[in-house]
Every structure is written in structure tokens, then in C-alpha cells.
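In the working numbering, the protein residues as written are 10 to 241. By construction, the Cβ of each residue, glycine as well, lies at the ideal position given by its N, Cα and C atoms.
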Amino acid sequence: MILAAGNGTRMKPLTDDRPKALIEVADKALIDHVLDRLEGAGVETAVVNVHAFADRLEAHLAHRKHPKIVISDERSALLETGGGLKKARSLLGDAPVLVANIDSIWIDDEAPAFGPMAHLWDPEKMDVLLLLARMERSVGFDGPGDFFLQPDGRLTFRGEAAAAPYAYMGLHITKPQVVDDGPDGAFSLAAVWRRLAEQGRLYGVVMEGTWMHVGDPVARGEAETLLLPGGP
10 MILAAGNGTR MKPLTDDRPK ALIEVADKAL IDHVLDRLEG AGVETAVVNV HAFADRLEAH
70 LAHRKHPKIV ISDERSALLE TGGGLKKARS LLGDAPVLVA NIDSIWIDDE APAFGPMAHL
130 WDPEKMDVLL LLARMERSVG FDGPGDFFLQ PDGRLTFRGE AAAAPYAYMG LHITKPQVVD
190 DGPDGAFSLA AVWRRLAEQG RLYGVVMEGT WMHVGDPVAR GEAETLLLPG GP
């Protein structure tokens, strides 16, 4: 599932006439950066939620052959990450789901990021597996970090610490059932993850590469510098 329903407020004025998913970075729409990665990993079907400029996004996706696109319509109300996943439950089924944010682009050092995730996924001991970026290899992310990673792979939130070494980079595997008890309407996956962390069911794996969080026009420019020919 691709979470593409946000209003793109931080990306204004670029999102004054289009959804954030259609902002181009290095001559390619953000959503196509993600879909190309999914296609390369063998994903056959992608559920995409839509809200702002939904008609324009659907028209863009209609030209896409692979993966197959299924729309989760949030035109009537923006549901945030948790609510969006819950609304799409009937489209996703009960098997584990790979969920991707729209504003993450990355450059792998060697092995594709999906490989370690798929290898480490263990439904017996985890309900969610987050892909993490090292703070020193994050571009466009100015926070103090999100998580501490324990030796066994379990995650703990930064909490009151001044900084944490890892940031969530916008990609995770989840059992879709984790949102079944969530409220109707909008809610964030972060609340679900906090509960799972307390239960020891939230795990993480570190991506070996450079993560670009394309959240605003400045970050978009930084990402293009890395991706376009002649970049660092």
C-alpha cells in the first residue's frame, strides 16, 4: 500500500495545483519513484489511497501497467496513516502488507532495501517491521531521530532522550490486523506502534544506503542534487 492521500501542506506552493504524489524529483513523480521500486521487488498489486487532487492522481496512475493499481478513495475525509490503512482493509486482505510513504526516496549501497526486510520478517515474534535510516545518512530530515534499535531487533521510541540514532524512513511491513481496533476516522500509525513497542512486537532493520525525505521544496532540491547526473 502507498500512502498518497496527504494534503502536502509542507510542500507548498508546489502542491497548489497537484497532489504531493505528483511532485517531480529528478524528472519523475514521487509516486513513480515508489512504484518503480515496488515493481522491481516483484510487487504485483499496489493499493493507493487518494484525497487531494484525487482525479488528477487517478488519471496519472491509469497509465501504469505494473504493479496493478487499486484505489482506496479518501476524497470525503483525510484519514491519516492509521485510518487510511484501516479503510483499505477490505482491499488488502489479511496477509502481511508492505506499506510505503509517498515522500521517501533512497539510494541503496548494494542490496535493495526490500531484501533485508523480507528476510527478517517473522510473524511469530513481530507485528510490524520498520525500515530505518541512519541519521548521518538522512537527507531532508531535521528531527532528532525516532528510535533506538536493540540487539535482538526490537525498537524503542526515543522518548525523553535528546537524540536517537535511527529515523523511520517511510517503509514497513505490517500485519494489517494491527489497525482493526483503531477508532473510526482519522488516526496515526504512531499510536499503534507505541503500543506494539511496549509489547515487544515492534521491530526494525537498518537500510544500508542514503535516505531522502522529500517533505518540502528545500528537501526536494537536495534530493535532486543527489539523483541527477553530476550530483555527489
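Reduced DSSP category for residue i - H, G, I as helix; E, B as strand; rest coil
i       : result
His-72  : coil
Lys-20  : First, the residue type needs correcting, since residue 20 is Met and not Lys in the sequence shown. Of the three classes helix, strand and coil, the one that applies to Met-20 here is helix, per DSSP.
Gly-191 : coil
Asp-161 : coil
Met-126 : helix
Ala-35  : coil
Leu-211 : strand
Gly-230 : helix
Met-135 : coil
Leu-237 : coil
Val-223 : coil
Ala-14  : coil
Met-144 : helix
Ala-176 : strand
Nearest-angstrom beta carbon gap, residue j and residue i [assumed within contact, 8 Å]
i       : j       : result
Leu-94  : Val-188 : 5 Å
Leu-164 : Thr-90  : About 17 Å; that fails the 8 Å criterion.
Val-57  : Ser-81  : 7 Å
Leu-70  : Ile-78  : 5 Å
Phe-150 : Ala-176 : 5 Å
Residue i and residue j closer than 9 Å at C-beta
i       : j       : result
Gly-162 : Leu-129 : yes
Gly-191 : Val-201 : yes
Val-34  : Arg-167 : no
Leu-139 : Tyr-212 : yes
Ala-55  : Pro-76  : yes
Leu-236 : Ile-114 : yes
Glu-83  : Ala-173 : no
Leu-23  : Pro-226 : yes
Met-221 : Glu-207 : no
Ala-38  : Ala-50  : no
Phe-123 : Arg-46  : yes
Asp-103 : Pro-185 : yes
Ile-11  : Met-20  : no
Gly-17  : Gly-92  : no
Open item on the list: Can you confirm whether the region 57-77 touches the region 146-165 when touching is taken to mean that 3 or more C-beta pairs between the two stretches lie within less than 8 Å?
Closed with: no
Task: contact_flag[the region 212-220, the region 134-152] where n(CB pairs < 8 Å) is 3 or more - done: yes
Task: Start-end ranges of the beta strand (DSSP E) lying completely within the region 47-116, minimum 3 residues - done: 54-59, 77-82 and 106-110
Task: Inter-stretch contact at 8 Å, needing at least 3 Cβ pairs: the region 177-184 / the region 97-115 - done: yes
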